[in-house]
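K.L.:
Numbering (the working numbering), first residue to last: 1 to 259.
No residue lacks a Cβ here, since even glycine has one placed at the ideal position from N, Cα and C.
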Amino acid sequence: MERSPTPPGKYNPYYLPEPEGCGKRTNCPYKSMPPQLHPPDFDNQSMLDFTDSYCSTCERKLKLIVPPPPPPKAVEPTIKPPVSQPEPKSWFRKYGWLLVILLVLIAGLIYWLYPFQKFCEQGTVVAGKDTCINEVKYAIICDGKGGFDKGDKIGSCVPVCDSGTVVKTFCKGGDQYVQVCDGKGGYVEKLKKANSPDCPQPETHKPGPPPFKPGIPYVVNRGGRCVEEVYDRQGRIQRQKPLEPGDPRCKKAVRAPQL
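(1) What is the DSSP secondary structure of residue 205, counted as helix, strand or coil?
(2) Let me know the secondary structure DSSP gives residue 222 once reduced to three states.
(3) Looking only at its own chain, which residues have a Cβ that is under 6 Å from the Cβ of residue 194, when we skip the five neighbours before and after it?
(4) With 16 other CB atoms within 10 Å as the buried threshold, where does residue 135 fall?
(5) Leaving aside the five residues before and after residue 214 along the sequence, list all residues of the same chain whose C-beta is less than 7 Å from its C-beta, in chain order.
(6) Near residue 205, which residues of its chain fall below 8 Å by C-beta distance, leaving aside the five closest residues on each side in sequence?
(7) Considering just the uninterrupted stretch of the alpha helix (DSSP H) at residue 96, what are its terminal residues?
(8) Consult DSSP for residue 42 and reduce its assignment to one of helix, strand or coil.
(9) Is the stretch 33–53 touching the stretch 66–79, taking contact as three or more C-beta pairs under 8 Å?
(10) For a test of the three-state rule: what should DSSP assign to residue 73, helix, strand or coil?
(11) Work out the CA separation of residue 131 and residue 168 for me, nearest whole Å.
(12) Sorted by chain position, which residues of the same chain lie with C-beta nearer than 8 Å to residue 2's C-beta, five sequence neighbours on each side aside?
(13) Per DSSP, which residues does residue 140 bridge with? Please list them.
(14) If distances are taken between C-alpha atoms only, which option among 38, 60, 128, 56 comes closest to residue 16?
(15) Roughly how far, in whole angstroms, is the beta-carbon of residue 122 from the beta-carbon of residue 144, given that I think they are within contact range, below 8 Å?
(16) Can you name the residues that DSSP bridges to residue 133?
(17) If you count every other CB in all the chains shown that lies within 10 Å of the CB of residue 141, and 16 or more means buried, which is it?
(18) Enumerate in chain order the residues of its own chain whose CB-to-CB distance from residue 137 is below 8 Å, with the five nearest sequence positions on each side excluded.
(19) With DSSP collapsed to three states, give me the class of residue 242.
(20) With distances taken between CB atoms, is the gap from residue 10 to residue 62 smaller than 8 Å?
(21) Taking the alpha carbon of residue 56 as the point to measure from, which residue in 28, 33, 161, 78 has its own alpha carbon closest?
(22) DSSP three-state call for residue 302: helix, strand or coil?
(23) For residue 133, which residues from the same chain have a beta carbon less than 8 Å from its beta carbon, with the 5 sequence-adjacent residues on both sides left out?
(24) What does a CB cutoff of less than 7 Å around residue 34 pick up in its chain, not counting 5 residues either side in sequence?
(25) Identify, in the order they occur along the chain, each residue of the same chain with its Cβ nearer than 8 Å to the Cβ of residue 191, setting aside the five sequence neighbours on each side.
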């Protein structure tokens, strides 16, 4: 085999593809050796040597590993003169625009929410405004707090009917009346029939039991029974005695007071 100066390293021809190397042929003598060959890798080899210049199997020249280029020389950094820094701005000059925007927003919010309009006095009639409740028209007045309230009656909310038109018939004290339009938005009441059978007659007043004095027995009718009762100063029953049926005193028995 040809000899050549010992290089720093060679590529293993087993790992190089054809036609540069063996392309991992099984009969390559360098099969069991590392991808990059160095002199210590041949210490236990009897047939191979690091100084071989080509592979006997594939007959390809063994390629030398090109050593890496030397590192570039370190260049001393040039010292630049210090750059003058601008003076730091004050807080107001740096963020003053934010403060101005915040003050404008606060002023707008106060103007929007604060009631600058002066409220009218309580009881003042609001011109041109009214309200209808149960077909009755009322004026609108100020409540003195920025709101409004119902005022005096000023008319009707229903169309004005012709004079003499009967609106409704009703009873009052057993007499029958009619409600008639006056042609001006109001009504008048006229008697239609006295003691009308269509109207319920008022109940006659029934006298209540006489006042009861404490300590005096009274014959009363309590719950359908004739009893003799004596009351205390608070009007409560102090003593009670049932009377026999047919007792003549029961004919004049009065209604018992409620306890």
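P.N.:
Result, derived from the coordinates:
(1) Because the pLDDT of residue 205 is 49, which lies under 50, any placement of that residue in the model is unreliable, and the question is left without a value.
(2) strand
(3) 175
(4) exposed
(5) 231, 232, 233
(6) Legend: pLDDT at residue 205 = 49, less than 50; position of this residue unreliable, no value from coordinates given.
(7) 91–113
(8) helix
(9) no
(10) coil
(11) 24 Å
(12) Confidence at residue 2 is low in this model, with a pLDDT of 48, below 50, so its placement is unreliable and the value that follows should be read with caution. These residues qualify, in order along the chain: 52, 53, 54.
(13) 150
(14) 60
(15) 3 Å
(16) 136
(17) buried
(18) 130, 131, 153, 154, 155, 156, 157
(19) strand
(20) yes
(21) 28
(22) Absent from the structure is residue 302, since the part of the chain shown begins at 1 and ends at 259.
(23) 150
(24) 12, 41
(25) 175, 176, 177
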